[in-house]
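S.K.: Numbering (the numbering used here), first residue to last: 210 to 534.
Ideal placement from N, C-alpha and C gives every residue a C-beta, glycine not left out.
Since we're looking at a predicted model, the values are computed, not measured.
Got a structure here, written out as structure tokens. Questions coming.
Next comes the structure, spelled out in structure tokens:
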């Protein structure tokens, strides 16, 4: 539905954005198009903007648009009023020391330390990797999510690939969807390893119906979720713990943590899936140590490895675990 007047009150606290609908979004719902063109905001926030009369179509004359399901057309222009919210303040540059392993004109490889949140979210609207990327590269503001194409949990350390150009970002997203970006992790888990040295865990992951903060292995005939596949290779095993190499074939939220807990080997320090157990580490013992892919632009084969952080090395020594040469 289109109203005839624009009644959003202007003022110093309102930021106006003009959005142009590109060819790639032709025919999309308006709320989804807004979420894509305003990547710092969620789709629900876009729907809120529409319901509050903050979105106007500029052609043929300014008219407030409040129907989320309206279909957009290539070349249309919209005016959006953004009032200050934690979300609108989140996408700001913040200088921080980032460990850049590699970079070229199209991408960067970042080593993320444990404790660094990747993307702004409730409770962490600032101090994230995204804020650091915006300070490191002013051009990152032109990319959705500042070029972030995959995530690591806050307390998981290791390698991430970040796009620096839109063509590279689109290609990386497609490659991740096609499972052409290979991500391998090292994990220290509770208990002596049980079963064959290599285990293929193919178990769907979805929201835990008993605790909405957790994910869980779910039965897709009765619950919502997505198929998930992890290859687990035991590298060493002692009485109290084991060292496991984990290869992702899908990228579900908390996938490795959930699959390891599902087979009886929750990660050391994982308070969400293992309970209040310690053994000398204060976060889940999970490190993204290897990243392999063909460069999206040059097609050059690329492999990056990151050494284990000191807290995991210390725990391995304490548990008597050794990583094969």
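My output table needs one value for residue 472: the three-state DSSP class, helix, strand or coil.
M.R.: Within the chain shown, the letter at position 263 stands for residue 472. DSSP places residue 472 in coil when its eight states are reduced to three.
S.K.: Looking at the structure shown, is residue 262 part of a helix, part of a strand, or coil, going by DSSP?
M.R.: As a working mapping, residue 262 is identified with position 53 in the chain shown. Of the three classes helix, strand and coil, the one that applies to residue 262 here is coil, per DSSP.
S.K.: Determine which residues share a DSSP beta bridge with residue 333 and list them.
M.R.: Counted from its first residue, the chain shown places residue 333 at position 124. Note: residue 333 sits in a beta bridge opposite 330.
S.K.: Thinking residue 527 and residue 484 are a contact (beta carbons under 8 Å), I'd like their distance in whole angstroms, please.
M.R.: Against the chain shown, residue 527 aligns to sequence position 318. Against the chain shown, residue 484 aligns to sequence position 275. Between the beta-carbon of residue 527 and that of residue 484 there is about 19 Å, and that puts the pair past the 8 Å contact cut.
S.K.: Could you please give the first and the last residue of the uninterrupted alpha helix (DSSP H) stretch that includes residue 384?
M.R.: Along the chain shown, one-based indexing puts residue 384 at 175. Element bounds for residue 384: 375-386.
S.K.: Which residue's Cα is closest to the Cα of residue 400: 388, 443 and 370?
M.R.: Here the question's residue 400 lines up with position 191 in the chain shown. Residue 443 holds the alpha-carbon nearest to the alpha-carbon of residue 400 among 388, 443 and 370.
S.K.: If I follow the unbroken beta strand (DSSP E) through residue 415, where does it start and stop?
M.R.: Residue mapping note: residue 415 aligns to position 206 of the chain shown, counting from 1. For residue 415, the enclosing beta strand (DSSP E) begins and ends at 414-416.
S.K.: Between the region 348-364 and the region 373-381, are three or more C-beta pairs nearer than 8 Å?
M.R.: yes
S.K.: Taking just the CA atoms, how far does residue 223 sit from residue 453?
M.R.: For the purposes of this step, residue 453 is taken as residue 244 along the chain shown, with counting starting at 1. For the purposes of this step, residue 223 is taken as residue 14 along the chain shown, with counting starting at 1. Going from the Cα of residue 453 to the Cα of residue 223 covers about 51 Å.
S.K.: For residue 246 and residue 353, what's the separation of their Cα atoms in angstroms?
M.R.: As a first step, residue 246 is located in the chain shown; it is residue number 37 there, counting from the start. As a first step, residue 353 is located in the chain shown; it is residue number 144 there, counting from the start. Answer to the nearest angstrom: the Cα atoms are 8 Å apart.
S.K.: In whole angstroms, give me the CA-to-CA distance for residue 393 and residue 276.
M.R.: Along the chain shown, read from residue 1 onward, the residue named residue 393 stands at position 184. Along the chain shown, read from residue 1 onward, the residue named residue 276 stands at position 67. Using only the alpha carbons, I get a separation of about 44 Å.
S.K.: Tell me which same chain residues have a C-beta within less than 8 Å of the C-beta of residue 388, skipping the five on either side of it?
M.R.: Translated into the one-based positions of the chain shown, residue 388 becomes position 179. If we look at residue 388 and ignore the five residues flanking it on each side, its Cβ neighbours are 458 and 459.
S.K.: Would you please state the rounded distance, in angstroms, between the beta carbons of residue 172 and residue 412? I believe it to be under 8 Å.
M.R.: The shown model of the chain, from 210 to 534, leaves out residue 172, and the question about it has no answer.
S.K.: Name the DSSP beta bridge partners of residue 241, please?
M.R.: As a working note, residue 241 is residue 32 in the chain shown. Beta-bridge pairing links residue 241 to no other residue.
S.K.: May I have the straight-line CA-CA distance separating residue 438 from residue 409, to the nearest angstrom?
M.R.: Position 229 of the chain shown, counted from the start, is the residue given in the question as residue 438. Position 200 of the chain shown, counted from the start, is the residue given in the question as residue 409. Roughly 7 Å between the two C-alpha positions.
S.K.: Nearest to residue 164 by alpha carbon, out of 419, 429, 312 and 495?
M.R.: No answer is possible for residue 164: it lies beyond the span of the chain, which begins at 210 and ends at 534.
S.K.: Going by DSSP, what residue range makes up the beta strand (DSSP E) through residue 445?
M.R.: For the purposes of this step, residue 445 is taken as residue 236 along the chain shown, with counting starting at 1. Per DSSP, residue 445 belongs to the beta strand (DSSP E) from 438-446.
S.K.: Would DSSP call residue 156 helix, strand or coil?
M.R.: No information on residue 156 is available, as it lies outside the stretch 210 to 534 that the chain covers here.
S.K.: What's the call for residue 244, buried or exposed, on a 16-neighbour Cβ count within 10 Å?
M.R.: The count along the chain shown starts at 1 and reaches residue 244 at position 35. Buried, because 16 or more other Cβ atoms sit within 10 Å of the Cβ of residue 244.
S.K.: Are residue 318 and residue 500 touching if we call contact CB-CB under 8 Å?
M.R.: If you number the chain shown from 1, residue 318 lands on position 109. If you number the chain shown from 1, residue 500 lands on position 291. It is a contact, given that the beta carbons lie within the stated cut-off.
S.K.: Rounded to the nearest angstrom, what separates residue 546 and residue 270 at their Cα positions?
M.R.: The shown model of the chain, from 210 to 534, leaves out residue 546, and the question about it has no answer.
S.K.: Tell me whether residue 266 is buried or exposed, calling it buried when 16 or more other Cβ atoms sit within 10 Å of its Cβ.
M.R.: Within the chain shown, numbered from 1, the residue matching residue 266 stands at position 57. Buried, because 16 or more other Cβ atoms sit within 10 Å of the Cβ of residue 266.
S.K.: Which of helix, strand or coil does DSSP assign to residue 511?
M.R.: Within the chain shown, the letter at position 302 stands for residue 511. Here residue 511 sits in strand by DSSP.
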